[in-house]
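In UniProt numbering, the protein residues as written are 1 to 557.
Remarks on the structure that follows.
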């Protein structure tokens with residue numbers, strides 16, 4: 001009995017000293033190594049899926065393979081209650097906010113397009129006539145990030161490493177590449193369709209396309225995706241989406257019904273139809289092909305200096321706009337995207353090394369169910385009668401102020417007023433804003449209205465006004481901000497859209513994976529501007545200089 005007790009005591013003491021030794025070793029390692037202040041992956045990969053709702057993860061989960069979305073969810077960190085905290089929820093502001101860690105109120109990208117009050121004309125978020133197109137004779141390459149007024153996490157990484165880090169940004173859409181790449185990107189590439197079907201860039205980045213890009217364009221890869229689109233699986237298995245033939249979906253030219261297969265043979269055989277690729281899942285496949293080639297040819301993640309690859313998948317947005325969020329086309333697009341992600345992850349494992357890169361995936365906005373469909377399900381929803389509202393507003397302006405010219409522009413659900421006319425009429429700006437806001441509130445489909453005066457003089461902390469204020473830029477935004485009723489849009493009666501401050505447009509996925517990331521999940525609210533400071537904190541670099549978000553501490557090891 002004594003001998004047995006002796007061995008038990010000895011065994012317990014042995015375990016104690018072994019554990020203490022391991023703790024001491026680990027403590028010593030953390031205090032002497034650089035990992036106490038930063039994580040140093042060879043590559044950071046940022047993925048933005050255009051128009052991805054959070055519920056696309058859950059609705060289609062059982063159909064996904066183990067190496068795409070499931071790999072991120074099950075081995076990474078899932079922020080289940082992630083939201084855009086501003087409006088308008090559209091592509092340009094979305095990509096900018098992901099990478100700057102702030103909102104349009106700070107970074108200045110208040111829409112895809114907006115009315116510039118200084119030059120009194122519409123401008124495009126990435127357009128820049130001072131630069132030339134590279135890789136095409138068209139004007140499609142005249143782009144730069146000059147309208148983004150702050151730095152991005154990609155900028156800060158390059159600045160931290162004395163510009164020795166390499167940043168490559170890729171998307172079908174120019175704005176999906178230009179804005180994530182930041183001001184210092186080595187390259188941003190986007191796809192020019194029409195009659196060319198080429199990846200192009202701007203002279204902002206370079207004077208000539210690299211040979212590998214020229215070779216890719218000459219390979220016929222884009223041409224290979226001009227093919228019929230049928231479902232990846234048996235369409236009978238797609239029980240998570242609506243009927244294939246319904247009145248809520250748009251048509252390709254030449255189609256008589258919005259049903260699979262989408263062959264559109266007469267279009268696919270023509271030369272000037274490369275843009276059709278964008279509106280099929282094959283646009284995402286082409287993007288993946290190009291991203292994998294960039295990974296190899298640019299030697300990303302091949303040394304001790306962290307590089308950044310920013311990839312945006314744009315076809316999801318084109319498909320959603322045409323068919324709507326409840327369509328079998330959207331479901332098939334995400335199942336195919338899942339396979340493309342698995343291909344990309346496999347290439348990262350092979351080229352950079354599993355466990356040697358850090359990755360996040362989110363979206364630039366979500367989308368609404370087709371209101372016509374909701375209406376048929378007896379859910380309050382509908383469409384704005386723009387013609388009737390415009391006529392009613394014109395009559396109000398003439399009666400109240402004697403002129404319609406007091407309104408200069410209406411865009412992104414914002415009204416821009418002519419301040420000079422208001423002054424000449426001996427009126428105060430705040431009073432005119434309030435009068436017109438009150439008029440707008442009486443219109444069908446309008447839920448609420450706020451004025452610039454309210455945005456200037458109040459600090460909102462929650463709800464719709466909080467979201468609007470985060471999207472309100474004092475130098476660039478309008479005088480009156482209009483919010484439609486939930487379920488109402490200004491759009492066609494087929495397909496889905498986005499842009500509102502409503503929760504169906506703000507709730508997007510946010511997944512982190514890889515080096516320095518703690519597996520897990522949270523239901524706590526996270527916001528899009530939290531992404532950039534989370535990655536910056538992980539890397540131990542300066543936050544983007546306009547950051548208003550905060551690191552998500554649960555994500556970091």
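The beta-carbon is built from N, C-alpha and C at its ideal position, and this holds for glycine as well.
Computed from a predicted model, the values in this text were never measured in an experiment.
*residue 58 to residue 528, Cα distance in whole Å?*
Residue numbering aside, residue 58 sits at position 58 when the chain shown is read from its first letter. Residue numbering aside, residue 528 sits at position 528 when the chain shown is read from its first letter. Approximately 20 angstroms, taken between the alpha carbons.
_Please tell me whether residue 48 and residue 98 are closer than 8 angstroms, where the distance is taken between their beta carbons._
Sequence index remark: in the chain shown, residue 48 carries index 48 (1-based). Sequence index remark: in the chain shown, residue 98 carries index 98 (1-based). Yes, they are a contact pair.
*Anticipated Cβ contact below 8 angstroms, residue 396 with residue 439, distance rounded*: Indexing the chain shown from 1 puts residue 396 at position 396. Indexing the chain shown from 1 puts residue 439 at position 439. Sure, about 5 angstroms apart at Cβ, within 8 angstroms.
_For the segment 136–151 against the segment 195–205, do three or more pairs of beta-carbon atoms, one drawn from each stretch, fall closer than 8 angstroms, so that the two count as touching?_
Yes: at least three Cβ pairs fall under 8 angstroms.
*asked:* Would the segment 484–500 count as touching the segment 86–101 if we require 3 or more Cβ pairs under 8 angstroms?
replied: yes
_For residue 477, tell me which candidate among 484, 509, 423, 408 has the shortest Cα-Cα distance._
Here residue 477 refers to the residue found at position 477 when the chain shown is read from its first residue. Nearest option by C-alpha distance: 408.
*Kindly indicate which three-state DSSP category residue 187 falls into: helix, strand or coil?*
As a working mapping, residue 187 is identified with position 187 in the chain shown. Note: residue 187 maps to strand in three-state DSSP.
_Buried or exposed (CB count within 10 angstroms, at least 16 for buried), residue 322_ = What you label residue 322 is simply residue 322 of the chain shown in a count that begins at 1. With 16 or more Cβ atoms within 10 Å of its Cβ, residue 322 is classed as buried.
_Helix, strand or coil, according to DSSP, for residue 534 in the structure here?_
Locating residue 534 in the chain shown gives position 534, where the first residue counts as 1. Helix at residue 534.
*Consult DSSP for residue 178 and reduce its assignment to one of helix, strand or coil.*
Along the chain shown, one-based indexing puts residue 178 at 178. Note: residue 178 maps to helix in three-state DSSP.
_Residue from 260, 241, 517, 249 with nearest C-alpha to residue 227_ = By one-based count along the chain shown, residue 227 stands at place 227. Ranking 260, 241, 517, 249 by Cα distance to residue 227 puts 260 first.
_For residue 399, count the other beta carbons within 10 Å of its own beta carbon; 16 or more makes it buried, fewer makes it exposed. Which is it?_
Looking up residue 399 in the chain shown gives position 399. Residue 399 is exposed by the Cβ-count criterion.
_residue 40 versus 554, 538, 553, residue with shortest Cα-Cα distance_ = Position 40 of the chain shown, counting from 1, holds the residue named residue 40. For residue 40, the nearest C-alpha among the options comes from 538.
*Rounded C-alpha distance that separates residue 346 from residue 249*: In the chain shown, counting from the first residue as 1, residue 346 sits at position 346. In the chain shown, counting from the first residue as 1, residue 249 sits at position 249. Going by the C-alpha atoms only, they are around 35 angstroms apart.
*Which word fits residue 26, buried or exposed, when buried means at least 16 other C-beta atoms lie within 10 angstroms of its C-beta?*
For this step, residue 26 is matched to residue 26 along the chain shown. Note that residue 26 scores a pLDDT of 43, beneath 50, so its modelled location is shaky and nothing firm can be said.
_Start and end residues, beta strand (DSSP E) containing residue 80_ = Position 80 of the chain shown, counting from 1, holds the residue named residue 80. That run of the beta strand (DSSP E) goes 77–83.
*Kindly indicate the opening and closing residues of the alpha helix (DSSP H) around residue 412.*
The sequence position of residue 412 within the chain shown is 412, counting from 1. Neither: residue 412 is in no alpha helix (DSSP H) and is coded neither H nor E.
*Any chance the segment 272–284 sits against the segment 329–347, with 3 or more Cβ pairs inside 8 angstroms?*
yes
*How big is the Cα-Cα spacing for residue 533 and residue 420?*
Position 533 of the chain shown, counted from the first residue, corresponds to residue 533. Position 420 of the chain shown, counted from the first residue, corresponds to residue 420. Near 41 angstroms, if we compare the C-alpha coordinates of residue 420 and residue 533.
*Three-state secondary structure assigned by DSSP to residue 370*: The residue given as residue 370 occupies position 370 in the chain shown. Three-state result, residue 370: coil.
*Pick from 165, 114, 245: whose alpha carbon is nearest that of residue 413?*
If you number the chain shown from 1, residue 413 lands on position 413. Checking every option, the nearest Cα to that of residue 413 belongs to 114.
*Helix, strand or coil: how does DSSP classify residue 524 here?*
In the chain shown, counting from the first residue as 1, residue 524 sits at position 524. Three-state result, residue 524: strand.
*asked:* For residue 190 and residue 200, which I take to be in contact (beta-carbon distance under 8 angstroms), what is that distance rounded to the nearest angstrom?
replied: Taking the first residue of the chain shown as 1, we reach residue 190 at position 190. Taking the first residue of the chain shown as 1, we reach residue 200 at position 200. Between residue 200 and residue 190 the Cβ distance is about 6 angstroms, and since that is below 8 angstroms, they are a contact.
*For residue 273, the first and last residue of its enclosing beta strand (DSSP E)*: In the chain shown, residue 273 corresponds to position 273, counting from 1. Where residue 273 is concerned, there is no enclosing beta strand (DSSP E), given that its DSSP letter is neither H nor E.
*Between the CA atoms of residue 301 and residue 357 - distance to the nearest angstrom*: Along the chain shown, read from residue 1 onward, the residue named residue 357 stands at position 357. Along the chain shown, read from residue 1 onward, the residue named residue 301 stands at position 301. Cα to Cα, residue 357 sits roughly 8 angstroms from residue 301.
*asked:* For residue 462 and residue 254, I'd like the C-alpha separation in whole angstroms.
replied: By 1-based counting over the chain shown, the position of residue 462 is 462. By 1-based counting over the chain shown, the position of residue 254 is 254. Rounded to the nearest angstrom, the two C-alpha atoms are 47 angstroms apart.
*Going by the beta-carbon positions, is the gap between residue 531 and residue 101 smaller than 8 angstroms?*
The sequence position of residue 531 within the chain shown is 531, counting from 1. The sequence position of residue 101 within the chain shown is 101, counting from 1. Yes.
*Check each candidate in 215, 75, 328, 84 and name the one with the smallest Cα separation from residue 509.*
Position 509 of the chain shown holds residue 509. Of 215, 75, 328, 84, the residue nearest in Cα terms is 84.
*In whole angstroms, what separates the C-alpha of residue 21 from that of residue 103?*
Position 21 of the chain shown holds residue 21. Position 103 of the chain shown holds residue 103. Its pLDDT being 43, under 50, residue 21 is placed unreliably in this model, and the coordinates cannot settle the point.
*Pick from 338, 76, 314 that is closest to residue 287, judged by C-alpha positions*: Here residue 287 refers to the residue found at position 287 when the chain shown is read from its first residue. Closest option to residue 287, Cα to Cα, is 314.
*Close beta carbons around residue 326, own chain, < 8 angstroms, minus the five adjacent residues each side*: Here residue 326 is taken as the residue at index 326 of the chain shown, counted from 1. Correct list, in chain order: 241, 242, 248, 369, 370, 373.
_Check for me: the beta strand (DSSP E) holding residue 260 runs from which residue to which?_
Mapped onto the chain shown, residue 260 falls at position 260. No beta strand (DSSP E) holds residue 260; DSSP gives it neither H nor E.
_Range covered by the alpha helix (DSSP H) that runs through residue 456_ = Here the question's residue 456 lines up with position 456 in the chain shown. Where residue 456 is concerned, the enclosing alpha helix (DSSP H) stretches over 452–457.
*Using a Cβ-Cβ cut-off of 7 angstroms (strictly less than) and excluding sequence neighbours within five positions of residue 342, which residues of its own chain qualify?*
The sequence position of residue 342 within the chain shown is 342, counting from 1. Only 65, 67, 68 meet the Cβ criterion.
*So the alpha helix (DSSP H) residue 106 belongs to, where does it begin and stop?*
As a working mapping, residue 106 is identified with position 106 in the chain shown. It spans 104–107 - the alpha helix (DSSP H) in which residue 106 sits, taken as one unbroken run.
*Could you check where the alpha helix (DSSP H) with residue 505 kicks off and where it finishes?*
In the chain shown, counting from the first residue as 1, residue 505 sits at position 505. Note, residue 505: alpha helix (DSSP H), 503–506.
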